[in-house]
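Each remark here refers to the structure printed beneath this line.
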Amino acid sequence: MTRIFTPALLGLSALGLLAACGTPQERCINRSTKEIRVLNGLLEEVNGNLARGYAWESYEVERQHFGICGYETHETKDGKKIRRPVHCWKEVTETLQRRVPIDPASETRKRDGLAAKIQSLEPQARANIAACKATYPEE
Numbered sequence: 819m820t821r822i823f824t825p826a827l828l829g830l831s832a833l834g835l836l837a838a839c840g841t842p843q844e845r846c847i848n849r850s851t852k853e854i855r856v857l858n859g860l861l862e863e864v865n866g867n868l869a870r871g872y873a874w875e876s877y878e879v880e881r882q883h884f885g886i887c888g889y890e891t892h893e894t895k896d897g898k899k900i901r902r903p904v905h906c907w908k909e910v911t912e913t914l915q916r917r918v919p920i921d922p923a924s925e926t927r928k929r930d931g932l933a934a935k936i937q938s939l940e941p942q943a944r945a946n947i948a949a950c951k952a953t954y955p956e957e
């Protein structure tokens, strides 16, 4: 199983999780490394497919569900108001997954292509990280 995850980029993934509420430096690094993080996610998926021998495919199914659709207020003889649920059938969409066969040769080519793309982007990402650290030094 080929993994292209250098220690520096492993740390960047952790920074990506804090991007929304991070410091200006963290947000800059997150923007600069987004493509590599996306490609690493795709690479993990391909490696998982190769290890299992199949891929997962999501599909949606419409089903009927009997549940509460709303509430009605009724007044009793003595003037008290009672709130009661109204039940009905509702159509709900469920997302399920199924196994699908893969072509191992195709998945291997995909893995190799993703790994090569990640390696080609790493030098620019390192330069961008250095620029982010220079522009937004931590206090």
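Reminder that position 75 of the sequence shown reads as 893 in the working numbering, one-by-one numbering, no gaps.
Yeah, the Cβ is synthetic: ideal placement off N, Cα and C, and Gly gets one too.
Would you say T894 faces chain D, with C-beta separation under 9 Å as the test?
Here there is only one protein chain, and chain D is not present.
Sub-9 Å separation of Y877 and I920 beta-carbons
If you number the sequence shown from 1, residue 877 lands on position 59. If you number the sequence shown from 1, residue 920 lands on position 102. For the pair Y877 and I920, the CB atoms are not nearer than the 9 Å cut-off.
Mark R870 as exposed unless 16 or more other C-beta atoms lie within 10 angstroms of its C-beta, in which case mark it buried.
Taking the first residue of the sequence shown as 1, we reach residue 870 at position 52. Taking a 10 Å sphere around the C-beta of R870, we find fewer than 16 other C-beta atoms and assign the residue as exposed.
Is C839 buried or exposed, if buried means 16 or more other CB atoms sit within 10 Å of its CB?
Indexing the sequence shown from 1 puts residue 839 at position 21. Exposed, by the Cβ-count rule.
Coarse secondary structure for C846, derived from DSSP in three states:
One-based indexing of the sequence shown puts residue 846 at position 28. The answer is helix: DSSP assigns C846 an H, G or I state.
With a threshold of 16 other CB atoms inside 10 Å of the CB of I847, please say whether the residue is buried or exposed.
Walking along the sequence shown from the start, residue 847 turns up at place 29. Residue burial annotation: I847 is buried, with at least 16 other C-beta atoms found within 10 angstroms of its C-beta.
Would you kindly report the start and end of the unbroken beta strand (DSSP E) that includes I900?
In the sequence shown, counting from the first residue as 1, residue 900 sits at position 82. Per DSSP, the unbroken beta strand (DSSP E) holding I900 starts and ends at K899 to P919.
If you follow the beta strand (DSSP E) that T891 is part of, which residue opens it and which one closes it?
Numbered from its first residue, the sequence shown carries residue 891 at position 73. Boundaries of the beta strand (DSSP E) harbouring T891: Y872 to E893, taken from the DSSP string.
Put D930 into one of helix, strand or coil per three-state DSSP.
By one-based count along the sequence shown, residue 930 stands at place 112. The answer is helix: DSSP assigns D930 an H, G or I state.
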